[in-house]
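K.L.:
Take this structure, written in structure tokens, and hold onto it; I'll ask about it next.
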Amino acid sequence: MDFEKLVEIISEQQKGHENEDIFGIGEQLKDMAEGNAKITELLINDLTTDGMKLQDAAKMFKKHADSIKGKNNMVCITPKVADGLLRKFYGLPSAKETVTVAAPEIDLSDFL
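Using our numbering, the first residue of the sequence shown is number -5, and each one after it goes up by one.
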């Protein structure tokens, strides 16, 4: 239920930004939170706080990109780097600390 609430919050902030960094950041946050109640709760709290919305994360990404621009005035923020930036910005546990909820095992003999 909480994950659905998070998706609603993110989707609302993504409206009108479908081809922009704000949209991609929201999608990555959904992926990070799926199956993880702790991250979901942290993000629900943060994304409803001024200064922590998707547009604020996008500003942080731009600041980072500006700091690493090469001589060609281009930059690429890889998914792994983006993951680290988002975890730091939102105070999320590291990927190593993150434990996802495993799907329950189904024993087909239960249906016989």
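Each residue gets a CB set at the ideal place from its N, CA and C atoms; glycine is no exception.
Predicted model, so just to flag it, every value in this text is computed and none were measured.
Along the alpha helix (DSSP H) that carries Glu12, what are the first and last residues, could you check?
P.N.:
Locating residue 12 in the sequence shown gives position 18, counting from the first residue. It is not in any alpha helix (DSSP H) - Glu12 carries neither H nor E in the DSSP assignment.
K.L.:
Does Lys90 come out as helix, strand or coil in the three-state DSSP assignment?
P.N.:
Position 96 of the sequence shown holds residue 90. It is coil, neither helix nor strand.
K.L.:
Where does the unbroken alpha helix (DSSP H) through Asn54 begin, and where does it stop?
P.N.:
Reading the sequence shown from its first residue, position 60 is the one you call residue 54. According to the sequence provided, residue 54 is Met. The question's Asn does not apply to it. First-last of the alpha helix (DSSP H) with Met54: 48 to 62.
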